[in-house]
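Read the structure below first, then the notes.
Here it is in structure tokens:
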């Protein structure tokens, strides 16, 4: 089951490497690093200088490149060779030296026991694995004491509208990626290609596997792994379920980020 999920997910990203943004120069790259700053509750891009950062599920590398350009030493891992090839091309195009790229799966990630990171990030990745909790635990082991871990997941409640759309597409079109995408275009985009493009369409409607999670569930992961919760985006407030229910009304809550610090 796990191997089958990995095989299918890898197959999608070999064909449609994500996110494949059109980056041709360094100018403006700080936008991606600022997104991470906001996610982890920091304010200044200087925060990244000298940090040793792991991006688990780096895709085509735009985020990792941005962090490296801010002065961090970055390691990016991904299961997709096609995505990593694009990331390597980006690395060469922007002449980045402090950024390493490795083909690896989060569920079988292998670093030496001495390798520890100041910050581990994994955005939009764990929910595409067969065992997100195990993946999270694997990543926690790579965080140094008092280091940060920040993960982004699909929310069980906030993503409900899109889950319904995906279910319709999957039932009618079956497992074929292109059939799913063509049907999604007909049903939700008047037969046109959405403005976000074909890579976005594939990730949203053709993806063979995704899971959904609650903030309470992820807080439980944190507690069991000595991770002290420090922030979330969107903000959770004091009543988790009420906050998550409100996310259904907006677009931001379909994907949520939770960040914590590893207690020594």
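In the numbering used here, the protein residues as written are -11 to 252.
Note that the Cβ used here is the ideal one computed from N, Cα and C, for glycine as well.
For residue 197, which three-state DSSP category applies? The answer is coil: DSSP assigns residue 197 none of H, G, I, E or B.
Does residue 58 pass the burial test, meaning 16 or more other C-beta atoms within 10 Å, or should it be called exposed? With a 10 Å radius around the Cβ and a threshold of 16 neighbouring Cβ atoms, residue 58 comes out buried.
Between which two residues does the alpha helix (DSSP H) holding residue 169 run? For residue 169, the enclosing alpha helix (DSSP H) stretches over residues 165 to 176.
The stretch 140 to 160 in contact with the stretch 199 to 213 per 3-pair CB rule at 8 angstroms: Yes: at least three Cβ pairs fall under 8 angstroms.
So residue 159 and residue 168 are in contact, right, with Cβ under 8 angstroms, and what is the actual spacing, rounded? Contact between residue 159 and residue 168 fails: their C-beta atoms lie close to 11 angstroms from each other, not under 8 angstroms.
Straight-line CA distance for residue 47 to residue 123? Taking the straight line from one Cα to the other gives about 17 angstroms.
DSSP puts residue 64 in a beta bridge; with which residues? DSSP lists 43 and 89 as partners of residue 64.
Tell me whether the beta-carbon of residue 150 lies closer than 9 angstroms to the beta-carbon of residue -4. Not a contact, by the Cβ cut-off of 9 angstroms.
With a CB to CB cut of under 7 angstroms and the five nearest residues on each side skipped, what residues in its chain are close to residue 121? Cβ neighbours of residue 121 beyond the five flanking positions: 209.
In the structure shown, what three-state DSSP assignment does residue 104 receive? Reduced to three states, the DSSP call for residue 104 is coil.
Please go through the same chain and pick out, in chain order, the residues whose beta-carbon is closer than 6 angstroms to the beta-carbon of residue 97, but skip the five residues on each side of it. Cβ within range, chain order: 126.
CB of residue 181 within 9 angstroms of CB of residue 219, strictly: No, the pair does not count as a contact, with Cβ atoms beyond the cut-off.
Sorted by chain position, which residues of the same chain lie with C-beta nearer than 8 angstroms to residue 14's C-beta, five sequence neighbours on each side aside? Close CB contacts of residue 14 within its chain, under the 8 angstroms cut and outside five residues either way in sequence, are with 57 and 82 (chain order).
Under the three-state reduction of DSSP, which class applies to residue 148: helix, strand or coil? Three-state result, residue 148: helix.
Spatially closest choice to residue 88 from 94, 112 and 62, by CA coordinates: The shortest Cα separation from residue 88 among 94, 112 and 62 belongs to 62.
Check the DSSP bridge columns for residue 221 and list the partner residues they point to. 245, per the DSSP bridge assignment.
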